[in-house]
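Q:
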Amino acid sequence: MKEKYFTLFIFLIIICTVSFGQREFKDGYIITNEKDTVSGMILSRMDAFLTSGIQFKELKNDTLTESYAVTDLIGFRFKNGRTFERINYESDKLDTSVFAKRVVTGKYDLWVWRHSPRKTDFFLKNNINQKVAHLTQPERKTLYLEGKEYTQNDYRFIGNIIHVTDNEFKPSSRNHNLKYSEKRIIDQISLLNQEYEDKYPVNIYKEEIKYKYNVKIGIPFQSSPNVTEFTIGFFRREIKVEKNVNFSIIRGITYFGWHSANTYDGSYENGTKGHRWQLINILPIGVHYQGKHKTIKPYAYMGFGAAVLAMTDYQIVDYEDTGTKTSFFPFPTVYAGTGLKIRVGSNFLFAEYTPSTFFSTISLGFEF
114 MKEKYFTLFI
124 FLIIICTVSF
134 GQREFKDGYI
144 ITNEKDTVSG
154 MILSRMDAFL
164 TSGIQFKELK
174 NDTLTESYAV
184 TDLIGFRFKN
194 GRTFERINYE
204 SDKLDTSVFA
214 KRVVTGKYDL
224 WVWRHSPRKT
234 DFFLKNNINQ
244 KVAHLTQPER
254 KTLYLEGKEY
264 TQNDYRFIGN
274 IIHVTDNEFK
284 PSSRNHNLKY
294 SEKRIIDQIS
304 LLNQEYEDKY
314 PVNIYKEEIK
324 YKYNVKIGIP
334 FQSSPNVTEF
344 TIGFFRREIK
354 VEKNVNFSII
364 RGITYFGWHS
374 ANTYDGSYEN
384 GTKGHRWQLI
394 NILPIGVHYQ
404 GKHKTIKPYA
414 YMGFGAAVLA
424 MTDYQIVDYE
434 DTGTKTSFFP
444 FPTVYAGTGL
454 KIRVGSNFLF
464 AEYTPSTFFS
474 TISLGFEF
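The opening residue of the sequence shown carries number 114 in this note's numbering; numbering runs sequentially from there.
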């Protein structure tokens, strides 16, 4: 057993010495304040890191890059259609500018401004009357009147949409018709645009989604003599790279195997003796979060799934081994794991600890 952990320890030391960092530039162009279009490559990052400026180079092999602040450009666009434009707005009675991403085009244009992965604003423009509104996250205020506590909801963003659309948007209920969320607001503006599609072509930007695949093999954290135990797993992560590369949805399947080489020794009259257990655990959906460091990333995930356990046991009757019998037991599971990833080029090697009702494991794997 000690030899197994020693091997894992040595392997971790080796992979720590071959890690690399990587920055990804993608084809696109910038539009200068003089309205000149310059083709080249833009450093691709999460939206929240592109709102105040970008890094740009004209040729792929250029080692030096130019930095452009929001005041230096009208906008920029990646080859896949991801478009940012400079939006001017008033904040605390001061004129401010940000790069916001255009997500809907039509009679009504909509831009999303992600301050961070958790905070999002919108800018809405009517291309007929040129009205513009800045939509912000509603705030809830707690009021105390006559000794009682009340919650006051702020629905100004709905009023702003009504104003820009000249009352074309008519919520049936302020409390239930439109929730402040990216999906619902984008869907609502897209729906309003459909009526004017002949005159104002509608375009809805679909954000880039990347998939990462994990393969791992593990051994139990503790083992017994003459027993073989191991686990093999395959997972897929769905990452909305423009919104948050650290948060993702994970799905997968794991196989656990347990086999005892011990045979019946005649020590009891009737009963069963474990011979081989096999467990298949399916994770239909889970949540995965990883650290922000470029090279070394701690991570953790958890989800709810279902498993089937196949137990093959020796059947003991009157001190005799009468053969084996396999029984199947389906049951729900809570699947979780935590570990550390080490970047190797554009991929990762990782070590993971996975707790389990039957046996906890320590695994090594590769993410690609």
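Backbone N, C-alpha and C fix where the C-beta goes; we use that ideal spot for every residue, glycine too.
Everything numeric in this text was worked out from a predicted model, so none of it was measured.
#1: State the DSSP-derived secondary structure class of residue 405, mapped to helix, strand or coil.
#2: Candidates 254, 268 and 269: which alpha carbon is nearest residue 262's?
#3: Which runs of the beta strand (DSSP E) at least 3 residues long sit entirely within the region 389-465? Give them in chain order.
#4: Please name the residue in 329, 361, 282 and 354 whose C-alpha comes closest to that of residue 368.
#5: Mind checking whether residue 273 and residue 246 have CB atoms under 9 Å apart?
#6: Do three or more CB pairs link the region 308-316 to the region 332-348 at distances below 8 Å?
#7: Following the continuous beta strand (DSSP E) through residue 152, name the residue where it begins and the one where it ends.
#8: Applying the 10 Å Cβ sphere with the 16-neighbour rule, what's the burial state of residue 324?
#9: When you compare each of 192, 153, 164 and 187 to residue 179 by their alpha carbons, which one comes out closest?
#10: Going by DSSP, what residue range makes up the beta strand (DSSP E) through residue 237?
#11: Based on the DSSP output, what are the partners of residue 223 in its beta bridges?
#12: With the cut-off set at 9 Å, would you say residue 239 and residue 221 are in Cβ contact?
#13: For residue 444, I'd like the list of residues in its chain whose CB is within less than 7 Å of its CB, leaving aside the five on either flank, ordered along the chain.
#14: Taking only runs of the beta strand (DSSP E) that begin and end inside the region 247-316, which ones reach a length of at least 3 residues, in chain order?
#15: Assuming residue 142 and residue 190 make a contact with CB atoms under 8 Å, what is their CB distance in whole Å?
#16: In terms of DSSP beta bridges, what is residue 372 paired with?
#17: Assign residue 481 to one of three DSSP states: helix, strand, or coil.
#18: Tell me the residue span of the beta strand (DSSP E) that contains residue 469.
#19: Would DSSP call residue 183 helix, strand or coil?
#20: Do you know how far the Cα of residue 295 is from the Cα of residue 197?
#21: In the DSSP output, what is residue 198 paired with across the bridge?
#22: Judging by CA-CA distance, which residue of 373, 448, 357 and 374 is the nearest neighbour of residue 398?
#23: What's the call for residue 405, buried or exposed, on a 16-neighbour Cβ count within 10 Å?
#24: Which residues bound the beta strand (DSSP E) around residue 100?
#25: With DSSP as the reference, label residue 160 as helix, strand or coil.
#26: Using 8 Å as the Cβ pair cut-off and three pairs as the minimum, do the region 205-219 and the region 158-165 touch?
#27: What three-state label does DSSP hand residue 361 in the structure shown?
#28: Could you check whether residue 291 and residue 271 sit closer than 9 Å to each other, using their CB atoms as the reference points?
#29: Applying the 10 Å Cβ sphere with the 16-neighbour rule, what's the burial state of residue 146?
#30: What whole-angstrom Cβ distance do residue 237 and residue 299 have, given they're in contact under 8 Å?
A: Judging by the given coordinates:
#1: Note: residue 405 maps to coil in three-state DSSP.
#2: For residue 262, the nearest C-alpha among the options comes from 254.
#3: Runs of the beta strand (DSSP E) lying entirely within the region 389-465 and spanning at least 3 residues, in chain order: 409-430 and 433-457.
#4: Closest in C-alpha terms to residue 368, from the list 329, 361, 282 and 354, comes 329.
#5: Result yes, Cβ atoms of residue 273 and residue 246 sit closer than 9 Å.
#6: Flag = no, the region 308-316 and the region 332-348 do not touch.
#7: Taken as a continuous stretch (DSSP letters only), the beta strand (DSSP E) holding residue 152 covers 150-156.
#8: Taking a 10 Å sphere around the C-beta of residue 324, we find fewer than 16 other C-beta atoms and assign the residue as exposed.
#9: Per the Cα distances, 153.
#10: Per DSSP, residue 237 belongs to the beta strand (DSSP E) from 232-239.
#11: Looking at the DSSP assignment, residue 223 forms a beta bridge with 217 and 237.
#12: Yes, the pair counts as a contact, with Cβ atoms nearer than the cut-off.
#13: Within the same chain, Cβ atoms closer than 7 Å to the Cβ of residue 444 are found at 420, the five residues on either side in sequence being excluded.
#14: For the region 247-316, whole beta strand (DSSP E) runs of length 3 or above, ordered along the chain, are 253-258 and 261-266.
#15: The Cβ separation is near 6 Å, so the contact holds.
#16: Looking at the DSSP output, residue 372 sits in a beta bridge with 341 and 389.
#17: In this structure, residue 481 counts as coil in the three-state DSSP scheme.
#18: Counting along the chain, residue 469 falls outside any beta strand (DSSP E), and DSSP gives it neither H nor E.
#19: In the structure shown, residue 183 sits in a helix (DSSP, three-state: H, G or I).
#20: Each residue's alpha carbon lies about 17 Å from the other.
#21: Per DSSP, the beta bridge partners of residue 198 are 188 and 213.
#22: The candidate whose alpha carbon is nearest that of residue 398 is 448.
#23: By the 10 Å Cβ count, residue 405 comes out exposed.
#24: Nothing can be reported for residue 100, as the shown portion of the chain is limited to 114 through 481.
#25: The answer is helix: DSSP assigns residue 160 an H, G or I state.
#26: A contact exists between the region 205-219 and the region 158-165.
#27: Residue 361 sits in a strand when the DSSP states are folded into three classes.
#28: Pairing residue 271 with residue 291 gives a Cβ-Cβ distance under 9 Å.
#29: With a 10 Å radius around the Cβ and a threshold of 16 neighbouring Cβ atoms, residue 146 comes out exposed.
#30: Wrong, their Cβ atoms sit about 11 Å apart, outside the cutoff.
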